[in-house]
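Trainee: Quick note: the sequence shown uses the numbering used here, first residue 522, plus one each step.
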Amino acid sequence: MRALRPLCCPITICYNKFMIKTIIFDIYDTIIQVERHANAEIVMEHLRAAGAEPDRDGFIKLWGEYYRRAELSDEFRTEAEIFYDRVAWLYGVCGCGGDPRIAYGATVERSRQRVAYPDAADALAAIRKRFRVVAGSNADNAPLTAHLSKCGIEMDALYTSEDFRIYKPKPEFYKAILDAEGISPEEAVFVGDSHLEDVETPTSLGIRSVWMRRDRPPKDYGQIFTADSLAELAEYLLNI
């Protein structure tokens with residue numbers, strides 16, 4: 522699926538002090554819930570069943586580091602390719618001769634069961650009454666679209682790493698969204714749970730950001746607001 526493009530230039534919202542037109546949302550762990558380490562745990566279960574004995578902490582560390590290297594690589598791979606390659610690589614690291622496709626398939630099936638945060642649909646519907654609401658996600662189009670549709674989440678446009686062939690936190694990702702929306706950095710707000718990808722990097726480009734803190738300790742990454750829920754975010758945005 523190609524990213525949706527606005528049919529015309531967005532109308533300037535003249536009644537907010539920041540002149541904001543578009544709210545850009547990270548999706549996973551911001552709108553769609555993601556169980557922490559769930560896929561890594563699934564792969565470890567398959568490795569143990571095949572006779573390997575992965576160290577949990579070390580395995581999870583390698584799991585995250587592989588993805589971060591892939592995000593920053595000059596060679597683009599889709600998320601599906603990265604996720605499968607990561608499982609196959611970790612099978613090799615653990616000295617397992619089993620078939621990584623089975624474990625990878627189990628992670629895909631588990632991922633299909635993800636659901637939105639309970640307040641997501643209502644909060645986004647309220648925000649859309651005043652602003653354009655778009656996705657800016659490190660994701661492949663098919664699973665992202667399926668998750669949003671299943672959860673009843675409507676957005677004005679979807680912009681993904683698969684569309685741009687680049688991942689956050691590379692600056693080109695955010696600039697591509699601004700170009701597609703026809704807006705300046707000052708006319709956007711980026712919302713997400715990652716302090717680097719969704720707060721620090723957008724802020725460095727002149728895009729205001731909101732950190733979805735939820736249950737983490739408070740911290741200042743340069744965000745204009747810290748939200749514990751999407752309902753709280755909606756209240757903030759509708760009153761600026």
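For every residue, glycine included, the Cβ atom is placed at its ideal position computed from N, Cα and C. It should be emphasised that the depicted structure is a prediction, and the values quoted were computed from it without experimental measurement.
1) Inspect the beta-carbon positions of residue 624 and residue 544 and report whether they are closer than 8 angstroms.
2) Use the C-beta contact count for residue 523: other C-beta atoms within 10 angstroms, 16 or more gives buried, fewer gives exposed.
3) If you compare alpha carbons, which of 671, 674, 697 is closest to residue 682?
4) What's the gap between the Cα of residue 712 and the Cα of residue 751?
5) Looking at residue 645: is its Cβ nearer than 8 angstroms to the Cβ of residue 603?
6) Do residue 729 and residue 745 have their C-beta atoms within less than 8 angstroms of each other?
7) Report, in whole angstroms, the separation of the C-beta atoms of residue 731 and residue 754, which I expect to be a contact under 8 angstroms.
8) Grab the span of the alpha helix (DSSP H) containing residue 722 for me, first residue to last.
9) Find the nearest neighbour of residue 638 within the set 630, 610, 669, judged by alpha-carbon distance.
10) In or out: residue 763 buried (at least 16 other Cβ within 10 Å) or exposed?
11) Does the region 549–565 come into contact with the region 627–642, if we say contact requires no fewer than three beta-carbon pairs (one atom in each stretch) closer than 8 angstroms?
Mentor: This is what the structure holds:
1) Start at 1 with the first residue of the sequence shown, and residue 624 comes out as number 103. Start at 1 with the first residue of the sequence shown, and residue 544 comes out as number 23. Cβ distance not < 8 angstroms, so residue 624 and residue 544 don't count as in contact.
2) Within the sequence shown, numbered from 1, the residue matching residue 523 stands at position 2. Reliability fails at residue 523, whose pLDDT of 42 lies under 50, so the model's placement of it is uncertain and the value that follows must be treated cautiously. With fewer than 16 Cβ atoms within 10 Å of its Cβ, residue 523 is classed as exposed.
3) Translated into the one-based positions of the sequence shown, residue 682 becomes position 161. Selected option, being the one with the closest Cα: 697.
4) Here residue 712 is taken as the residue at index 191 of the sequence shown, counted from 1. Here residue 751 is taken as the residue at index 230 of the sequence shown, counted from 1. Each residue's alpha carbon lies about 10 angstroms from the other.
5) On the sequence shown, residue 645 is found 124 positions in, with the first residue counted as 1. On the sequence shown, residue 603 is found 82 positions in, with the first residue counted as 1. Going by C-beta atoms, residue 645 is not nearer than 8 angstroms to residue 603.
6) Residue mapping note: residue 729 aligns to position 208 of the sequence shown, counting from 1. Residue mapping note: residue 745 aligns to position 224 of the sequence shown, counting from 1. Contact flag set, yes.
7) The count along the sequence shown starts at 1 and reaches residue 731 at position 210. The count along the sequence shown starts at 1 and reaches residue 754 at position 233. Yes, they are in contact, since the Cβ atoms of residue 731 and residue 754 sit about 6 angstroms apart, within 8 angstroms.
8) As a first step, residue 722 must be located in the sequence shown, where it is residue number 201. Its alpha helix (DSSP H) spans residues 722–725.
9) Your numbering for residue 638 matches position 117 in the sequence shown. Nearest of 630, 610, 669 to residue 638, Cα basis: 669.
10) For the chain, the structure presents residues 522 to 761; residue 763 sits outside this window and is missing.
11) yes
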